[in-house]
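In this note's numbering, the protein residues as written are 5 to 299.
Cβ coordinates follow ideal geometry from the N, Cα and C atoms, glycine included.
Quick caveat: nothing in here was measured; it's all calculated off a predicted structure.
First comes the structure, then the notes that go with it.
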C-alpha cells in the first residue's frame, strides 16, 4: 500500500465525496492507504500542498483569487469538484415550515465571520431580496464556536454545515428552516486541489479513479448505508442524525455525478465574489482549474 496524505480545510458530512474515498474503501482498492488531517485554524490547506505534507486537499476556487489578484501564480490547481451547491443550513429556535428570509432583517444571526461562507450567505440574502446590513450578525469564531454560541442562547438563527444543524434538531435546540444552497443556486462551491506536477503521476490517476467510484456510490446508495460507513469519522454524531444529513445533501443535489469543475459553475462563483466586492477581475478558467487526471 502507498500512503496518500489528504487534508481538509473544514471537516463535515458536506465533504462526503472525499470522505467516502476512505470510508468506502475505494482508495484501498487502488492500493492507496489514506492519512488525513484538518488544517489548523487560520491556516489554509493550500499550505500543506506547498510544503509537501499533503498530496490532495479539500479547498475552494476562491483560494486562487487572492494570489491572482496580486499577479501571482497560485502554484496549485483545482481539478475536481466536491460540491456544486452551498451546503450551509439556516437553523432557528422554532419550526418555521413557511420560513421567509425577510425575517432575518432585525434578527440576531450567528454566522461565519468571513471568507466563502459569509460571501455565499450575503449573496443568498441578495437573491432573497433582503438587506444584509439590517441583520444583527454575530461572529463567534469557527464551526465549533458557532455551534456552542447558539447552544448557549446566542442568536435567533445560525448558519452551519451538516451534520451540526441536524444534531441541533436531535437535541431539541433548533430547527432547520432553510437551505442556503437553494437560495444561492449552482456554483463551484468546494473542490479538490493539488500541485500540477502531482496530477501528472500514477498516484493522482489512482486517486481520481477512486474518487469517481466514491462519488457514484454516494449518488446510488441509501443514506443509511453511507452513514454507517462514515460513522467512524463522526464519533460524536448520532447515527440517525448523520443519515438524515446525508439524505438531505443527496436531495439537495450538491454531489452531482460528474467530477469536473464546469465553466458554468466557475462563472457562477465569480459572480458571487464580484457581488461581494472580493474580486474586481474575472479570472480565466484555465488559471484556476484543470481537468481531472485520466486513466
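Run of the beta strand (DSSP E) containing residue i, from where it starts to where it stops
| i | result |
| --- | --- |
| residue 249 | Taken as a continuous stretch (DSSP letters only), residue 249 belongs to no beta strand (DSSP E), being part of the alpha helix (DSSP H) at 243-256. |
| residue 161 | 161-165 |
| residue 85 | 81-87 |
| residue 142 | 140-142 |
| residue 41 | 36-42 |
| residue 179 | 179-183 |
| residue 194 | 194-198 |
| residue 98 | It is not in any beta strand (DSSP E) - residue 98 carries neither H nor E in the DSSP assignment. |
| residue 292 | Premise fails: residue 292 lies in the alpha helix (DSSP H), 289-292, not in any beta strand (DSSP E). |
| residue 33 | Residue 33 -> not in any beta strand (DSSP E); alpha helix (DSSP H) instead, spanning 30-33. |
From the options, residue whose alpha carbon lies closest to that of residue i
| i | options | result |
| --- | --- | --- |
| residue 86 | 254, 233, 74, 62 | 62 |
| residue 36 | 208, 140, 239, 268 | 208 |
| residue 91 | 275, 286, 267, 255 | 255 |
| residue 231 | 221, 244, 224 | 244 |
| residue 147 | 114, 157, 160 | 114 |
| residue 7 | 186, 257, 206 | 206 |
| residue 191 | 264, 268, 284, 176 | 268 |
| residue 293 | 50, 157, 89, 266 | 266 |
| residue 49 | 29, 10, 215, 30 | 10 |
| residue 258 | 28, 54, 189 | 189 |
| residue 174 | 186, 241, 214, 108 | 241 |
| residue 142 | 176, 42, 162 | 162 |
| residue 109 | 136, 119, 84 | 136 |
| residue 89 | 187, 155, 71, 237 | 187 |
| residue 291 | 106, 70, 30 | 70 |
| residue 271 | 287, 280, 30 | 287 |
Buried or exposed (CB count within 10 angstroms, at least 16 for buried), residue i
| i | result |
| --- | --- |
| residue 184 | buried |
| residue 133 | exposed |
| residue 16 | buried |
| residue 262 | exposed |
| residue 68 | buried |
| residue 38 | buried |
| residue 26 | buried |
| residue 140 | exposed |
| residue 44 | exposed |
| residue 121 | buried |
| residue 194 | buried |
| residue 98 | exposed |
| residue 124 | buried |
| residue 224 | exposed |
| residue 285 | exposed |
| residue 66 | buried |
| residue 278 | exposed |
| residue 28 | buried |
| residue 80 | buried |
| residue 42 | exposed |
Residue i versus residue j: straight-line alpha-carbon distance, rounded
| i | j | result |
| --- | --- | --- |
| residue 273 | residue 289 | 11 angstroms |
| residue 100 | residue 179 | 8 angstroms |
| residue 247 | residue 75 | 44 angstroms |
| residue 295 | residue 150 | 36 angstroms |
| residue 229 | residue 168 | 20 angstroms |
| residue 250 | residue 18 | 8 angstroms |
| residue 93 | residue 200 | 34 angstroms |
| residue 282 | residue 57 | 29 angstroms |
| residue 12 | residue 20 | 11 angstroms |
| residue 204 | residue 78 | 18 angstroms |
| residue 102 | residue 198 | 43 angstroms |
| residue 117 | residue 126 | 11 angstroms |
| residue 166 | residue 46 | 21 angstroms |
| residue 33 | residue 253 | 26 angstroms |
| residue 298 | residue 219 | 16 angstroms |
| residue 264 | residue 170 | 29 angstroms |
| residue 5 | residue 276 | 42 angstroms |
| residue 138 | residue 52 | 39 angstroms |
| residue 96 | residue 144 | 17 angstroms |
| residue 119 | residue 14 | 13 angstroms |
| residue 72 | residue 214 | 31 angstroms |
Host alpha helix (DSSP H) of residue i (start-end)
| i | result |
| --- | --- |
| residue 15 | Segment: none, residue 15 is in no alpha helix (DSSP H) and carries neither H nor E. |
| residue 63 | Unbroken run through residue 63 is the beta strand (DSSP E), 60-63; no alpha helix (DSSP H). |
| residue 50 | 50-54 |
| residue 147 | 147-155 |
| residue 212 | 206-224 |
| residue 229 | 227-234 |
| residue 173 | 168-174 |
| residue 271 | 267-279 |
| residue 127 | 119-132 |
Supposed close pair residue i, residue j - CB separation, criterion 8 angstroms
| i | j | result |
| --- | --- | --- |
| residue 160 | residue 111 | 5 angstroms |
| residue 196 | residue 82 | 7 angstroms |
| residue 155 | residue 177 | 6 angstroms |
beta-carbon residue i near the ligand NAP non-hydrogen atom, thresh 7 angstroms
| i | result |
| --- | --- |
| residue 115 | No copy of the ligand NAP occurs in the structure displayed, which carries no ligand at all. |
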